[in-house]
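Numbering (our numbering), first residue to last: 2 to 351. Glycine included, each C-beta is placed from N, C-alpha and C at the ideal position. Predicted, not measured: the structure shown is a model, and the values here were computed from it. Single-structure report; data block below.
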């Protein structure tokens, strides 16, 4: 079956944000629609026609006769140029195939001319974000960097190192949806009508207002959601056979990407969320895990020499400390030597 092309013209003249841009332009709506046009060059003709249509209605809405209105609509729908401000009546202007389009356009005109009706209709209308071609923003943290991001609705996101967050510049539609790769802690602004959705590593977390941690690194075979406050509904995007899970505070859901299995458990809040406060925690950490965490946390590369087969159990809680301080402390427990050269660390285990 041939896919039906979207009616961009009808969408534009019935879109309140578009009409506001045409009739009452400001910096915010001008930026949005200019970007929209840049990303939808194929629809520029429809944009110009819709803009001309709204401008003419606004300018002559009290003086257009029925015949003038018919001719104006006909020219716009037929995509013919309008050469003057006069509209002499012509009988039988519309061919039969255009009658249905005329009826649709006439209804839209009535919507534009009646401000009371317009406000009532569009007060509850929600345009899906994907229909508008909305601009998305993306933040990426490399190794050694963490950041705080405030989303358009006021939600605060703590983004960990080696993590990427993608979200719309403006939330439109029936939800506030973002995409995460890596790890982030969300402090979601409550909104009973617009649930907040995070998609990460095959998981989809939906909340109304809560705080939780999501970890889903590409190099890790499992993803996890740890709920601190509120309530979260978790679904599995590519595995409809798995039941949705409802988490309560203190619960963590782990999802094995390879085995396609999920299980719930309790979690240590500090161990899971301390990173957002600049706290690095090691609990019986082995040598390899210890080095990898330091590399990601400080954005460095270790070159290790010597006997690394001995069993290490590193324990420590470091808040906003320099790498040099951690390695100095390690020398009191293990027989090591080290040298920091910019982003490279040479570590010798004796």
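- DSSP places residue 183 inside the beta strand (DSSP E), whose first and last residues are 177-188.
- In the three-state DSSP reduction, residue 290 falls in the helix class (H, G or I).
- A distance below 6 angstroms between beta-carbons, with the five flanking residues on each side excluded, links residue 236 to the following residues of its chain, in chain order: 205, 245.
- By DSSP's assignment, residue 302 forms a beta bridge with 345.
- Residue 338 has 349 as its beta-bridge partners, per DSSP.
- Note on geometry: alpha-carbon atoms of residue 15 and residue 178 lie some 24 angstroms from one another.
- Assignment of residue 15 by DSSP, reduced to helix, strand and coil, places it in the coil class.
- By the 16-neighbour rule on beta-carbons within 10 angstroms, residue 263 is buried.
- Per DSSP, residue 272 lies in no beta strand (DSSP E) segment; the continuous alpha helix (DSSP H) that holds it begins and ends at 270-274.
- Excluding five sequence positions before and after residue 31, the CB atoms of its chain that fall closer than 8 angstroms to its own CB belong to 22, given in chain order.
- Residue pairing from DSSP places residue 252 in a beta bridge opposite 267.
- Shown here, residue 319 sits in a strand according to DSSP, grouped into three states.
- A direct Cα-to-Cα measurement between residue 187 and residue 180 gives close to 12 angstroms.
- The three-state secondary structure of residue 277, taken from DSSP, is helix.
- Taking 8 angstroms as the cut-off, the Cβ atoms of residue 226 and residue 213 count as close.
- Approximately 14 angstroms separates the beta-carbon atoms of residue 149 and residue 141; this is outside 8 angstroms, ruling out the contact.
- Measuring C-alpha to C-alpha distances from residue 165 to each of 176, 138, 289, 207 identifies 138 as the nearest.
- The three-state reading of DSSP puts residue 218 in coil, since its state is none of H, G, I, E or B.
- Judged by DSSP in its simplified three-state form, residue 44 adopts helix.
- For residue 166, the uninterrupted beta strand (DSSP E) segment begins and ends at 164-169.
- Put simply, of 155, 172, 145, 147 the residue whose alpha carbon is nearest the alpha carbon of residue 135 is 172.
- Residue range 324-332 is occupied by the alpha helix (DSSP H) that includes residue 328.
- Annotation for residue 321: 279 place their beta carbon closer than 6 angstroms to its own, counting only its chain and skipping 5 residues before and after.
- Judged by pairs of C-beta atoms under 8 angstroms, the region 282-292 does not touch the region 251-259, as fewer than three such pairs exist.
- According to DSSP, residue pairing for residue 259 in a beta bridge does not occur.
- Residue 147 and residue 161 have their C-alpha atoms roughly 5 angstroms apart.
- In this structure, residue 215 and residue 234 do not form a Cβ contact; the two beta carbons are roughly 14 angstroms apart against a cut-off of 8 angstroms.
- Within the same chain, 144, 162, 163 come within 7 angstroms of residue 297 by CB-CB distance, once the 5 residues on both sides are set aside.
- In this structure, residue 291 sits away from residue 348, with a CB-CB distance that is not shorter than 8 angstroms.
- Here the C-alpha atom of residue 325 lies approximately 21 angstroms from the C-alpha atom of residue 277.
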